[in-house]
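Residue numbers (the numbering used here): 254 to 402.
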């Protein structure tokens, strides 16, 4: 995986001349945020070596670089999911690439349901923990200095 991560990173660095301050992963219904970036550079996922291609409805499958509020960011219009048949290695591949750049801020968004009757559509919900019922773990694999400096 290390070689594939390095290949994808080299591809992106040839197209983008600086390190993004943050990565924002857009969930369903939020794709328009990327369209509002200034000085945009959009790269379809299937052009990036090794990058998994999103199949979920509403996920455009593009990595968009640009400025938001004066900050240079990378915005993922969609992501792949374990339930789509991707391996955990494929699911975490973008995280590994950005970690090697190194991008230090990673914001993941998604559509979410909740049992709190006080929640209404459009509310922002911040998670501080979760219970993994998937039967798989994205952290499985060798614990090496390459991934954990």
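Glycine included, each C-beta is placed from N, C-alpha and C at the ideal position.
In this structure residue 389 is exposed. Its beta-carbon is surrounded by fewer than 16 other beta-carbon atoms within 10 angstroms.
In the displayed model, residue 391 falls within coil according to three-state DSSP, outside both helix and strand. The secondary-structure analysis by DSSP pairs residue 330 across a beta bridge with 279 and 315. No Cβ-Cβ contact shorter than 8 Å links residue 330 with residue 263.
DSSP links residue 324 through a beta bridge to 321. Under the 10 Å beta carbon count, residue 258 is surrounded by 16 or more other beta carbons and is classified as buried.
Between the stretch 281-295 and the stretch 332-350 there are fewer than three inter-stretch CB-CB distances shorter than 8 Å, so the stretches are not counted as touching.
In the displayed model, residue 293 falls within a strand according to three-state DSSP. Taking 8 Å as the cut-off, the Cβ atoms of residue 279 and residue 328 count as close. In chain order, 290, 291, 292 and 293 place their CB closer than 6 Å to the CB of residue 319, counting only its own chain and leaving out the 5 sequence neighbours on each side. DSSP places residue 359 in the strand class (E or B) of the three-state scheme.
Spanning the alpha carbons of residue 369 and residue 361 requires a straight line of approximately 21 Å. In terms of Cα proximity to residue 378, the closest of 365, 325 and 386 is 365. Judged by DSSP in its simplified three-state form, residue 261 adopts helix.
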